[in-house]
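Student: Provided herewith is a single structure, encoded as structure tokens, for subsequent inquiry.
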């Protein structure tokens with residue numbers, strides 16, 4: 001089938017427009033990568049902070065264990081005649097340490113609960129923001145795609161009209177002008 005240079009130019013122009021618009025859509029998706037990577041970085045930072053808190057808690061536990069171990073060694077060296085007195089003092093000390101440990105445990109649980117609640121809230125806010133932004137982007141992309149479809153329909157209509165015009169030109173009049181057998 002013969003195509004005039006004008007028709008070829010129109011088809012190439014339509015294909016170029018389509019490829020350009022496809023590049024715009026792909027670039028839009030690439031723009032989403034940066035916010036997602038930012039969120040991943042923030043999550044990594046939060047994990048690091050949680051790891052640091054865990055290390056501090058383990059350090060406190062180690063310090064308390066060291067203090068209790070030191071007291072035990074001291075009591076064993078002085079056992080002789082003070083055994084009964086030391087047993088009483090040891091009992092009191094254990095009760096004190098248990099109370100302090102209980103208080104510390106309660107405080108840490110409270111702080112961890114608050115931190116967990118804050119993190120959940122922040123994550124919820126981040127999710128909500130991300131969903132909103134994704135929704136806006138989706139709406140924008142749908143609008144752009146709708147406009148592209150409309151423009152492509154217009155281009156198709158113009159191409160069809162040109163094809164009909166060319167077919168009319170190639171009809172009986174064209175044959176009369178190009179027929180060399182007469």
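Residue numbers (full-length UniProt numbering): 1 to 182. We put the CB at the ideal spot given by N, CA and C, even for glycine.
#1: Which of the three DSSP states is assigned to residue 165 in this structure?
#2: Measure the alpha-carbon distance for residue 148 versus residue 162 and round it to whole angstroms.
#3: By DSSP, does residue 7 sit in helix, in strand, or in coil?
#4: Going along the chain, which residues of its own chain have a beta-carbon closer than 8 Å to the beta-carbon of residue 25, five neighbours each way excluded?
#5: For residue 119 and residue 46, which I take to be in contact (beta-carbon distance under 8 Å), what is that distance rounded to the nearest angstrom?
#6: Examine the Cβ distances between the region 1-13 and the region 150-162 and report whether three or more of them are shorter than 8 Å.
#7: Across the region 28-42 and the region 126-142, are there enough close Cβ pairs to call them in contact, namely three or more that are closer than 8 Å?
#8: Tell me whether the beta-carbon of residue 104 lies closer than 8 Å to the beta-carbon of residue 71.
Tutor: Looking at the atomic coordinates:
#1: helix
#2: 21 Å
#3: helix
#4: 141, 144 and 145
#5: 7 Å
#6: yes
#7: yes
#8: no
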